[in-house]
Amino acid sequence: MKRHEFLRELHKVTANRTYLEIGVNDGRSLRLSRVPSIAVDPAFKVTSEIRCDVHLVKATSDDFFARPDPLAHLRGGRNPLRNLARGRHPLGHWRRTTLDLSFIDGMHLFEYALRDFVNVERHSDWASVIVLDDMLPRSVDEAARDRHTTAWTGDVYKITEILERHRPDLVTVLVDTQPTGQLLVFGANPRNTVLHEKYEEIVAEYDVPDPQKVPETVLDRVRTVDPQALLDAGFWRPLVRARNRGLNRSRGWEPLRGALQQALLSR
Ligand SMILES: C[S@@+](CC[C@H](N)C(=O)[O-])C[C@H]1O[C@@H](n2cnc3c(N)ncnc32)[C@H](O)[C@@H]1O
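Residues in the sequence shown are numbered from 468 upward in steps of one, following the numbering used here.
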């Protein structure tokens with residue numbers, strides 16, 4: 468399954484109410500959104516037809532997250548009637564906004580993707596789904612930090628290992644999409660500060676000169692999940708139901724974590 472096809476289906480199974488995209492380019496992934504969205508890219512040239520209420524931000528993701536209220540657009544304005552007309556909560560301005568679905572596809576160096584993940588997680592919750600693109604490079608050349616190929620993943624594949632080592636509380640799923648795979652992250656915890664605290668240490672360890680030592684398991688796509696099998700898994704409905712009922716982390720995440728792990732084990 469191609470990455471945009473998978474993303475289109477993810478919008479459906481997550482029934483997301485909000486969407487954040489980092490890295491827009493010509494809008495081919497943004498055009499899949501139908502909900503209030505924010506899309507960030509310092510150099511987008513949107514040529515696709517966009518069919519959602521989107522705030523397009525011409526900035527780097529770091530500058531975007533440094534704003535005092537980056538998700539203001541998703542909460543709508545102070546006008547309750549206008550919010551209602553736009554399908555938002557009438558008193559949205561005063562509510563905390565959570566990102567239901569985020570797609571991280573900006574700068575393809577691991578330290579940028581790591582910062583993007585940390586910032587996205589701050590605005591996410593246990594029922595959020597965070598997707599990182601280009602996590603399965605097909606060759607060492609494609610994974611180089613210093614780009615010298617047309618198709619380029621860079622070394623963002625390192626994020627999978629970084630999350631597994633430093634954030635075992637999250638559930639990470641490598642998905643075998645074409646051409647270069649995606650990572651889904653479940654169980655976000657906006658209060659967890661481990662990655663922020665260890666950022667310098669992690670960068671010092673993983674920032675190594677080319678050629679990158681891409682693990683065979685990554686190149687051979689050994690620990691990956693079939694995209695269709697993941698989309699067909701039984702945990703999506705309970706996730707959406709619990710999220711929409713507003714269950715808190717302790718009541719919502721633990722049962723879901725179990726269902727998720729079972730679905731992954733039985734694949
Ligand atoms: C691979 S393209 C995005 C493709 C798009 N998501 C899609 O699937 O159709 C990567 C984009 O990230 C943008 N980008 C580069 N550095 C960035 C940064 N620091 N913050 C946000 N976006 C960045 C580039 O301008 C480029 O348009």
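C-beta: ideal position from N, C-alpha, C; glycine also.
List the whole-angstrom C-beta distance separating L566 from M602, where the pair is believed to meet the contact cut-off of C-beta under 8 Å. Contact flag wrong, Cβ pair sits at about 19 Å.
From the DSSP output, which residues share a beta bridge with A610? Beta-bridge pairing links A610 to no other residue.
Is it buried or exposed for N586, if we count other Cβ within 10 angstroms and need 16 for buried? buried
Please name the residue, chosen from Q728, R724 and T644, that lies closest to L474 on a Cα-to-Cα basis. T644
Thinking C-beta only, is R710 closer than 8 Å to A594? yes
Is any heavy atom of ligand 1 found at a distance shorter than 7 Å from the C-beta of S500? no
Compute every distance between the C-beta of I517 and the non-hydrogen atoms of ligand 1, then say whether any falls below 7 Å. no
Quick one: residues in its chain with C-beta nearer than 6 Å to the C-beta of V623, no 5 flanking neighbours on either side, listed in chain order? If we look at V623 and ignore the five residues flanking it on each side, its Cβ neighbours are H575, F577, A580 and D601.
Does the Cβ of T527 lie closer than 7 Å to at least one heavy atom of ligand 1? yes
From the DSSP output, in three-state form, read off I629 for me. helix
With a threshold of 7 Å (Cβ to nearest heavy atom), would M574 be considered close to ligand 1? yes
Using CA coordinates, which residue listed in V596, L551, T514 and L641 is at the minimum distance from K479? Among V596, L551, T514 and L641, the Cα nearest to that of K479 is on V596.
Skipping 5 residues on each side, what residues in its chain have a beta carbon closer than 6 Å to that of V521? S504 and A506
Straight-line gap, S569 to H590 (C-alpha atoms, nearest Å): 10 Å
Opposite Q649 in the DSSP bridges: which residues? D600 and V642
Proximity test, F653 beta-carbon vs ligand 1 heavy atom, cut-off 7 Å: No - ligand 1 has no heavy atom lying nearer than 7 Å to the Cβ of F653.
Let me check you understand the geometry: is the CB of A510 closer than 7 Å to at least one non-hydrogen atom of ligand 1? Yes - ligand 1 has a heavy atom lying nearer than 7 Å to the Cβ of A510.
The alpha helix (DSSP H) spanning A709 covers which residue range? W703 to R712
From F702 to E488, what distance separates their C-alpha atoms? 24 Å
Beta-ladder partner(s) of F570, from DSSP: E488 and V598
If you measure between the beta carbons of T639 and T627, is that distance less than 8 Å? yes
I'd like the span of the beta strand (DSSP E) that includes A506, first residue to last. S504 to V507
With a threshold of 7 Å, establish whether the CB of Y624 neighbours any heavy atom of ligand 1. no
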